[in-house]
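Engineer: For what it's worth, the working numbering labels the leading residue of the sequence shown as 105, then goes sequentially.
Where a beta carbon is used, it is the ideal one built from N, C-alpha and C, also for glycine.
Structure provided below as structure tokens; questions to follow.
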Amino acid sequence: MGVQYFQVKLIQCDYKHVSPMGMVRLITSDKVFFFNAEDFENSQIFLERLQKDDTLIISAEQLNDGSYWLNWVYHPEYGRLEPDRNLKFDKGLVKQYLLSLGLTALFIPAYFCLFTDEDSVWLIVIASLLAMAAFTGAVLLYMCISQTFTIFSRKRKTILRALDLVIDGKFQVLSGENLIQIEGIKNPKSKPLKINPTLDKLPPEPSLSVTKGNVNLKNINIIEYYYRGNTTIRHEVELQVNKSHLNLKLDGAKPFFNNHSFFLAQGDEVEVYHSKLAENQPDNVVFGVFNYQDNLAYTLSARNMAQERGLYLGLWWITGIILALLLAVFGAISIMEIQDRGGHWDSWDWLYLLDNDLIFIGFASSITLGICFLIALGMAAYYQFSKRGRAYYQTQAILSTLRRQQGKDGYVMEVR
Numbered sequence: 105m106g107v108q109y110f111q112v113k114l115i116q117c118d119y120k121h122v123s124p125m126g127m128v129r130l131i132t133s134d135k136v137f138f139f140n141a142e143d144f145e146n147s148q149i150f151l152e153r154l155q156k157d158d159t160l161i162i163s164a165e166q167l168n169d170g171s172y173w174l175n176w177v178y179h180p181e182y183g184r185l186e187p188d189r190n191l192k193f194d195k196g197l198v199k200q201y202l203l204s205l206g207l208t209a210l211f212i213p214a215y216f217c218l219f220t221d222e223d224s225v226w227l228i229v230i231a232s233l234l235a236m237a238a239f240t241g242a243v244l245l246y247m248c249i250s251q252t253f254t255i256f257s258r259k260r261k262t263i264l265r266a267l268d269l270v271i272d273g274k275f276q277v278l279s280g281e282n283l284i285q286i287e288g289i290k291n292p293k294s295k296p297l298k299i300n301p302t303l304d305k306l307p308p309e310p311s312l313s314v315t316k317g318n319v320n321l322k323n324i325n326i327i328e329y330y331y332r333g334n335t336t337i338r339h340e341v342e343l344q345v346n347k348s349h350l351n352l353k354l355d356g357a358k359p360f361f362n363n364h365s366f367f368l369a370q371g372d373e374v375e376v377y378h379s380k381l382a383e384n385q386p387d388n389v390v391f392g393v394f395n396y397q398d399n400l401a402y403t404l405s406a407r408n409m410a411q412e413r414g415l416y417l418g419l420w421w422i423t424g425i426i427l428a429l430l431l432a433v434f435g436a437i438s439i440m441e442i443q444d445r446g447g448h449w450d451s452w453d454w455l456y457l458l459d460n461d462l463i464f465i466g467f468a469s470s471i472t473l474g475i476c477f478l479i480a481l482g483m484a485a486y487y488q489f490s491k492r493g494r495a496y497y498q499t500q501a502i503l504s505t506l507r508r509q510q511g512k513d514g515y516v517m518e519v520r
């Protein structure tokens with residue numbers, strides 16, 4: 105969709121008693137905006153000044169669930185929240201580049217250690233260690249390149265230039281819309297929602313309990329788990345909804361797939377779907393939450409089980425990576441065989457290489473796709489026959505229907 109620019113009237117601003125702490129939600133007449141307060145200087149002062157019905161000009165990008173991630177916000181009287189304009193290519197980034205390039209260059213000695221004529225276990229061990237260090241360097245190099253693109257990106261410069269033009273008053277509001285037209289800046293229109301009007305009845309929910317009411321956030325804990333040098337952050341949220349006490353355990357990592365973090369604010373009207381999976385289980389397992397305050401829906405996968413959408417996307421990624429690695433290995437072996445025969449390339453060598461690769465690609469593809477199909481079939485059986493899986497699948501269907509009943513598309517965010 106790209107960056108869009110809006111003029112909206114503020115209905116509600118949530119930043120004080122929220123989960124996760126530090127995240128901000130702005131609700132306007134027909135849109136919802138999110139951002140992290142720590143991404144902007146003096147955000148606390150700006151937010152304290154905001155009042156209902158204030159007119160705001162916002163730059164944001166649309167997320168999968170129809171909400172928006174805020175780039176900057178401008179108020180004619182209270183000022184603005186803007187990205188850091190002082191990002192630059194400094195000495196620290198140069199050092200990171202040198203370190204990452206040095207580690208990545210270890211692929212060269214790793215290659216020669218692995219393909220040397222001498223058969224030695226120590227050479228294989230050394231090659232493995234060098235390859236791991238080189239892989240770490242490649243990851244660091246990717247992060248450096250990504251940061252460099254952020255510093256010099258045309259998109260970032262355009263966003264800041266649009267803010268300067270808005271401050272100078274060089275914009276006009278499009279009639280009948282919240283979009284504004286800024287001089288020399290493109291502002292794409294939002295994509296129409298894909299709503300199926302026939303799917304408006306809630307599916308049966310025999311295995312689920314439903315609690316509806318206003319949220320009372322009792323306690324929010326951020327817990328860090330250390331295991332074998334790795335740190336995992338979990339957010340544990342204790343809340344009360346209509347006299348029911350519920351506990352949510354959420355992953356503290358940044359969300360994927362163009363989503364935002366699970367968000368709740370004090371007083372939000374919600375509908376929670378939960379169930380006791382065993383008679384001796386003291387707590388209810390929460391499978392999903394629909395927030396009527398912003399019309400956003402979330403499913404929660406208990407015990408870190410894979411979500412449906414994430415599972416299938418992961419299977420496609422795994423399939424592609426395995427096929428690419430197998431093709432690279434077999435291609436290298438075939439080329440080395442041709443080099444051992446004299447290294448004189450002719451049409452027969454190319455035909456030999458192509459013929460072998462096609463056979464291998466077909467064979468490897470069949471095995472890889474077969475394994476992924478069995479994994480997907482196993483997960484489908486889990487959703488159908490397991491009590492936990494069936495409850496999760498039913499929650500997904502119910503929340504999707506609730507979204508459509510509110511005039512939104514059927515997208516439900518999957519939260520770990």
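Going by CA-CA distance only, name the one from Ala401, Leu343 and Leu321 that's closest to Ser365.
Structural biologist: Of the listed residues, the one whose Cα sits closest to Ser365 is Ala401.
Engineer: In chain order, which alpha helix (DSSP H) runs of at least 4 residues are fully inside the segment 179-263?
Structural biologist: Taking 4 residues as the minimum length, the alpha helix (DSSP H) runs contained wholly in the segment 179-263 are 195-208, 211-218 and 225-256, in order along the chain.
Engineer: Under the three-state reduction of DSSP, which class applies to Arg338: helix, strand or coil?
Structural biologist: strand
Engineer: In its own chain, which residues sit with a C-beta less than 6 Å from the C-beta of Asp372, not counting the 5 before and 5 after it?
Structural biologist: Val319, Asn395 and Gln397
Engineer: So, Leu245 versus Leu205, is the Cβ gap smaller than 8 Å?
Structural biologist: Yes.
Engineer: Please determine, among Gln155, Ser470 and Phe137, the residue with the shortest C-alpha to C-alpha distance to Trp173.
Structural biologist: Phe137
Engineer: Under 8 Å by Cβ, that's how I've got Val270 and Tyr119 pegged, so tell me the actual separation to the nearest angstrom.
Structural biologist: That pair is no contact at about 23 Å.
Engineer: Helix, strand or coil for Glu373? Go by DSSP, reduced to three states.
Structural biologist: Note: Glu373 maps to strand in three-state DSSP.
Engineer: Please determine, among Gln148, Met517 and Thr423, the residue with the shortest C-alpha to C-alpha distance to Asn362.
Structural biologist: Met517
Engineer: With a threshold of 16 other CB atoms inside 10 Å of the CB of Lys135, please say whether the residue is buried or exposed.
Structural biologist: buried
Engineer: Report the rounded CA-to-CA distance for Leu264 versus Ile162, giving the unit in angstroms.
Structural biologist: 12 Å
Engineer: Decide yes or no for the touch test of the segment 237-253 against the segment 187-197: beta carbon pairs closer than 8 Å, at least 3 of them.
Structural biologist: yes
Engineer: State the Cα-Cα distance for the pair Lys156 and His121, rounded to the nearest angstrom.
Structural biologist: 18 Å
Engineer: Could you give the distance in angstroms between the alpha-carbon of Ser379 and the alpha-carbon of Val389?
Structural biologist: 5 Å
Engineer: What residues are listed by DSSP as bridge partners for His378?
Structural biologist: Paired residue(s): Ser313 and Val390.
Engineer: Measuring only between beta-carbons, confirm whether Glu142 sits less than 8 Å from chain D.
Structural biologist: This model lacks chain D altogether, as it is built from one protein chain only.
Engineer: Under the rule that 16 or more other beta-carbon atoms within 10 Å means buried, what is Thr550, buried or exposed?
Structural biologist: Here the chain comprises residues numbered 105 to 520, so residue 550 is not present and cannot be evaluated.
Engineer: Among the residues of its own chain, which have a CB less than 7 Å from the CB of Leu278, if the five just before and after it don't count?
Structural biologist: Ile284 and Gln285
Engineer: Is the beta carbon of Thr315 closer than 8 Å to that of Leu376?
Structural biologist: One detail in the question is off: residue 376 reads as Val in this sequence, not Leu. Contact flag set, yes.
Engineer: In the DSSP output, what is Asn323 paired with across the bridge?
Structural biologist: Glu342
Engineer: Determine the extent of the alpha helix (DSSP H) in which Ser147 is found, giving its start and end residues.
Structural biologist: Ser147 to Arg153
Engineer: Identify which residue in Leu430, Asn140, Glu145 and Leu191 has its Cα closest to the Cα of Leu471.
Structural biologist: Checking the sequence, you will find Ile at residue 471 rather than Leu. The residue with the shortest Cα to Cα distance from Ile471 is Leu430.
Engineer: By the DSSP assignment, the beta strand (DSSP E) with Ala495 in it spans what residues?
Structural biologist: Taken as a continuous stretch (DSSP letters only), Ala495 belongs to no beta strand (DSSP E), being part of the alpha helix (DSSP H) at Lys491 to Gln509.
Engineer: From this set, Trp452, Thr403, Pro180 and Phe464, which residue's C-alpha is nearest Ala428's C-alpha?
Structural biologist: Nearest Cα to Ala428 within the set Trp452, Thr403, Pro180 and Phe464: Phe464.
Engineer: Can you name, in chain order, every residue of its own chain whose Cβ lies under 7 Å from the Cβ of Ile327, other than the five neighbours on each side?
Structural biologist: Arg338 and Glu340
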